[in-house]
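Everything on this sheet refers to the single structure shown next.
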Amino acid sequence: AQKVTQAQTEISVVEKEDVTLDCVYETRDTTYYLFWYKQPPSGELVFLIRRNSFDEQNEISGRYSWNFQKSTSSFNFTITASQVVDSAVYFCALSSNYNNNDMRFGAGTRLTVKP
Amino acid sequence: DSGVTQTPKHLITATGQRVTLRCSPRSGDLSVYWYQQSLDQGLQFLIQYYNGEERAKGNILERFSAQQFPDLHSELNLSSLELGDSALYFCASSASGTRGNEQFFGPGTRLTVL
Numbered sequence: 098a099q100k101v102t103q104a105q106t107e108i109s110v111v112e113k114e115d116v117t118l119d120c121v122y123e124t125r126d127t128t129y130y131l132f133w134y135k136q137p138p139s140g141e142l143v144f145l146i147r148r149n150s151f152d153e154q155n156e157i158s159g160r161y162s163w164n165f166q167k168s169t170s171s172f173n174f175t176i177t178a179s180q181v182v183d184s185a186v187y188f189c190a191l192s193s194n195y196n197n198n199d200m201r202f203g204a205g206t207r208l209t210v211k212p
Numbered sequence: 130d131s132g133v134t135q136t137p138k139h140l141i142t143a144t145g146q147r148v149t150l151r152c153s154p155r156s157g158d159l160s161v162y163w164y165q166q167s168l169d170q171g172l173q174f175l176i177q178y179y180n181g182e183e184r185a186k187g188n189i190l191e192r193f194s195a196q197q198f199p200d201l202h203s204e205l206n207l208s209s210l211e212l213g214d215s216a217l218y219f220c221a222s223s224a225s226g227t228r229g230n231e232q233f234f235g236p237g238t239r240l241t242v243l
C-alpha cells in the first residue's frame, strides 16, 4: 500500500519554540521520494524539500531540518525557533513507482505559532 | 511565486453546469498535474500530462477530463457539476514526467458549486 500518515492534525506553539512535525509512510517500493510542502493561509502550496530513498542524510536549511529514517519509515520535519510566519498547513508526500507519478499526500498538520 | 499560473482564481457556478480551469506551467516544464483539495478528501491527485499526452491517472471522475495543448498549457474540464465538486483545484508542473521530480504548484482555483 501507498500511504502517508501525519498523525498530528493540529499543533500550537509559542514563538521561538522548536516544533517537530511527524510523517510516517508506507510503500512496497525500494525506490521512492518523499516531499514536504507548506500551505500558508494564502492557499498556495510551497515546495520545501525532496528526499530519495537512498539518501538518509539529514538536511538542514536555516531554521528547517529534516530527519529521514528508513528503519522507522519516517520523514520528520523540525522548525527551530518558530516564528509567526511559520503558521501554515504542512503536507508530507510520497511518490514511488508503485503508482507511477502519483504523489500521495498526507492529511496535513496545521501549525499555529502564537506571538 | 512558483511560476505556475492558474485561471480563474475563483469560480462560482450551479449544479449541472460545466466549467474549464486553465493552467500554464513554469517555463520549460513539460509535465502538468492536476489535484483536488477538499475538506473531506484532502489533497488528491487527479491526472498528469506530459508533453501533450496523458501519463498517469488518479482519482479522477468520469465527469472530469483534461488535456494539454501544444503550447503546454493545460485545461481541466468539469461537467455535470455536483455540490461535492466544490474544492480547491491545483495545477502543478515539473521539468519532466518522471517520478521524484519536485512539483511546483499554482495558486489554485477555488470552485464553489451552489
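Read top to bottom, the protein sequences are chains L and C. Heads up, the numbering used here is the position in the first sequence plus 97, with the first residue counted as 1. Heads up, the numbering used here is the position in the second sequence plus 129, with the first residue counted as 1. For every residue, glycine included, the Cβ atom is placed at its ideal position computed from N, Cα and C.
Buried/exposed call for residue i, threshold 16 Cβ in 10 Å
i: Phe198(C); result: exposed
i: Thr95(C); result: This structure leaves residue 95(C) out entirely; chain C is present only between 130 and 243.
i: Asn230(C); result: buried
i: Leu207(C); result: buried
i: Ser223(C); result: buried
i: Ile157(L); result: exposed
i: Ser193(L); result: buried
i: Gln177(C); result: buried
i: Ala104(L); result: exposed
i: Leu150(C); result: buried
Integer Cβ distance of residue i from residue j, believed to fall under 8 angstroms
i: Ser153(C); j: Val133(C); result: 7 angstroms
i: Trp133(L); j: Phe174(L); result: 5 angstroms
i: Val148(C); j: Leu243(C); result: The Cβ separation is near 13 angstroms, so there is no contact.
i: Gly203(L); j: Cys120(L); result: 6 angstroms
i: Leu172(C); j: Trp163(C); result: No, Leu172(C) and Trp163(C) are not in contact; Cβ-Cβ is about 11 angstroms, not under 8 angstroms.
i: Tyr122(L); j: Val101(L); result: 5 angstroms
i: Val210(L); j: Ser162(L); result: Actually they do not touch by this definition, with Cβ atoms about 17 angstroms apart.
i: Gln165(C); j: Ala216(C); result: 5 angstroms
Residue i, enclosing beta strand (DSSP E) - first and last residue
i: Lys100(L); result: 100-102
i: Cys152(C); result: 148-153
i: Gln165(C); result: 160-167
i: Val242(C); result: 238-242
i: Asn149(L); result: 143-149
i: Gln196(C); result: 193-197
i: Thr142(C); result: 139-142
i: Gln135(C); result: 134-136
i: Arg201(L); result: 200-202
Three-state secondary structure (DSSP) of residue i
i: Leu131(L); result: strand
i: Ser168(L); result: helix
i: Val111(L); result: strand
i: Gly229(C); result: coil
i: Val182(L); result: helix
i: Leu201(C); result: coil
i: Gly235(C); result: coil
i: Gly171(C); result: strand
i: Leu212(C); result: helix
i: Thr209(L); result: strand
i: Val121(L); result: strand
i: Glu153(L); result: coil
i: Ala185(C); result: strand
i: Leu190(C); result: coil
i: Ser139(L); result: coil
i: Ala221(C); result: strand
Exercise for the section: For the stretch 180-196 of chain L and the stretch 199-216 of chain C, state whether three or more C-beta atom pairs, one from each stretch, are separated by less than 8 angstroms. Expected result: no
Exercise for the section: Flag this pair as touching only if the stretch 102-117 of chain L and the stretch 141-152 of chain L have three or more C-beta atom pairs under 8 angstroms; answer yes or no. Expected result: no
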